[in-house]
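Note sheet for the following structure.
Numbering (the UniProt record's numbering), first residue to last: 1 to 250.
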């Protein structure tokens, strides 16, 4: 099966944060680009738009991306949204999922193939472990939405490969290049699309002493966790000054 008009919606997960490429818009590649490359390999007429912007909560994803995506008349739409809402100190998950359901209903009514994602299991990450219950509730809501609208689901929570730290970027929040490659494989497999992707070769796991591990944790706290928490408190986002990578089909 091939798709000729693919639109990707969402936040940093779909924009490609953690998979750097300075030659591309916003300086990142990501799993959606990798999926699009495979679709184009199968059919050179295939076109791709990526409207995702890092830091976007569900409301802005719906308000800024759903309408423009539908205007492109896509036959394939991927959307992941709501993760940034779950990370806020307070969130009404029932209201969040109701809004998500309405958005997916609009997308599904277009006749396009819709792909949704559960969130990754944050258990084991110190900063996010306390939110594990929230993510589990969110994931069940996503599964219900997928069932209701006949969407394809990529169950990120259940992909065991992501227990490997090498599939994660330094910030421990975004996937590394190897993680994005693995996600592209999961999406293409879920769609039943024949593809040539294989997992990227991983470097050996570093053997860190206790002192080196403490130093690494401190670097993570000062270079990522501290600034990230600061943006949450100020109500700002790393994507505030950014535009979509590919707002039209290319």
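Note that CB positions come from ideal geometry on N, CA and C, so glycine has one too.
Predicted model only: the values in this text are computed from it and were never measured.
{"Item": "In angstroms, rounded to a whole number, what distance separates the CA positions of residue 23 and residue 89?", "Value": "36 Å"}
{"Item": "So, helix, strand or coil for residue 236, using DSSP?", "Value": "coil"}
{"Item": "Roughly how many whole angstroms lie between the Cα atoms of residue 227 and residue 92?", "Value": "25 Å"}
{"Item": "My parser needs the beta strand (DSSP E) runs of 3 or more residues fully inside the segment 61-87; what are they?", "Value": "76-80"}
{"Item": "With a threshold of 8 Å on Cβ separation, who are the neighbours of residue 115 within its own chain once the five nearest residues in sequence on each side are excluded?", "Value": "76, 77, 78, 79, 151, 152, 153, 154, 187, 190, 191"}
{"Item": "Taking residue 181 and residue 197 to be in contact with their CB atoms under 8 Å, please state how far apart those CB atoms are, rounded to whole angstroms.", "Value": "7 Å"}
{"Item": "Could you spell out the range, first to last residue, of the alpha helix (DSSP H) harbouring residue 137?", "Value": "132-149"}
{"Item": "Could you pull the start and end residues of the alpha helix (DSSP H) that residue 165 belongs to?", "Value": "Taken as a continuous stretch (DSSP letters only), residue 165 belongs to no alpha helix (DSSP H), as it is neither H nor E."}
{"Item": "Can you have a look at residue 34 and say buried or exposed, based on whether 16 or more other CB atoms are within 10 angstroms of its CB?", "Value": "buried"}
{"Item": "Below 8 Å CB to CB, which residues in the same chain sit around residue 145 once its five sequence neighbours on both sides are set aside?", "Value": "97, 100, 101, 104, 116, 151"}
{"Item": "In whole angstroms, what separates the C-alpha of residue 212 from that of residue 110?", "Value": "53 Å"}
{"Item": "Alpha carbons only, please: which of 129, 123, 138 is nearest the one belonging to residue 95?", "Value": "138"}
{"Item": "Could you give the distance in angstroms between the alpha-carbon of residue 112 and the alpha-carbon of residue 46?", "Value": "14 Å"}
{"Item": "If distances are taken between C-alpha atoms only, which option among 230, 43, 71, 219 comes closest to residue 171?", "Value": "219"}
{"Item": "In the DSSP assignment, the alpha helix (DSSP H) including residue 39 goes from what residue to what residue?", "Value": "31-42"}
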